[in-house]
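Numbering (UniProt numbering), first residue to last: 1 to 183.
Ideal Cβ placement from N, Cα and C applies to all residues, glycine included.
Nothing here was measured: the structure is a model prediction, and the numbers come from that model.
One structure below.
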Amino acid sequence: MRAADVSTDLTEVLVTEEQIQAKLGEIAARVDADYAGKDLLLVGVLKGAVMVMADFSRALQVTAPMDWMAVSSYGAGTKSSGVVQIRKDLDTDIMGKHVLIVEDIIDSGLTLSWLVENFTARGAASVEVFALLRKPEAAKVEVHCKYVGFDIPTEFVVGYGLDYAERYRNLRDVAVLAPHVYS
Ligand code: XMP
Ligand code: MG
């Protein structure tokens, strides 16, 4: 598929690159203040959070270490299965650390609520969540998300790390995927 096809694959840009960068700056300032003097560990959820982590971590003043976790609750489709599977575990021991989970999107909330419970059980001093995007109407379980970038409608979105079948992650904006692409 050629790059030009993107124009017919997307129906609407929901969040622009400029809006994302401005929001990351605001949230980074809050996180810098909230975690002053604390042992902060950023944990990115692969692969969707790669772009968020890259830009967010560089917007921070603190030199917080980073770790990554890969879980999957999705197949190749667009609906959450609710079954969370660890594909890559953390490399570090999070006992006593103040963990901030960096996520691309909260949809049903199933993935994050599972992660928060899992990290808490490993003895983290605290576990908080930063999600760039949230679909409030899709929530199946309540997840306390301390830092939220943008609330968006319940539509399947791609770009800025978010994929459909591994494509569109490299788009700079977040856009709605046209239903004809997946239906
Ligand atoms: P849950 O439903 O567990 O899902 O909150 C969170 C994970 O599902 C993926 N997800 C999406 N990926 N566009 C995507 O490209 C979307 O609109 C979307 N909604 C959920 C994502 O990987 C997230 O971490
Ligand atoms: Mg995905």
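The alpha-carbon separation between residue 170 and residue 49 amounts to approximately 12 Å. Shown here, residue 58 sits in a helix according to DSSP, grouped into three states. For residue 164, the shortest C-beta to heavy atom distance toward ligand 1 is below 7 Å. The UniProt domain "Phosphoribosyltransferase" (18-164) is shown to contain whole alpha helix (DSSP H) runs of 4 or more residues at 50-59, 110-121, in chain order. If you draw a straight line from the Cα of residue 174 to the Cα of residue 144, it comes to about 23 Å.
Put simply, of 163, 6, 142, 55 the residue whose alpha carbon is nearest the alpha carbon of residue 108 is 142. Residue nearest to residue 149 within the set 71, 22, 42, 95 is 22 (criterion: CA-CA distance).
For a cut-off of 8 Å, the C-beta gap from residue 132 to residue 52 is around 5 Å, short enough to register as a contact. When rounded, the separation of the alpha-carbon atoms in residue 32 and residue 95 is 21 Å. Under the 10 Å beta carbon count, residue 160 is surrounded by 16 or more other beta carbons and is classified as buried.
With respect to the 8 Å criterion, residue 89 and residue 66 are not classified as neighbours on the basis of their beta carbons. Take the alpha-carbon of residue 57 and the one of residue 98: they are about 15 Å apart.
Taking a C-beta distance under 8 Å as the contact criterion, residue 25 and residue 102 do not qualify as a contact pair. According to DSSP, residue 167 shares a beta bridge with 164. Judged by DSSP in its simplified three-state form, residue 16 adopts coil rather than helix or strand. Taking the Cα positions, residue 42 is about 5 Å away from residue 100.
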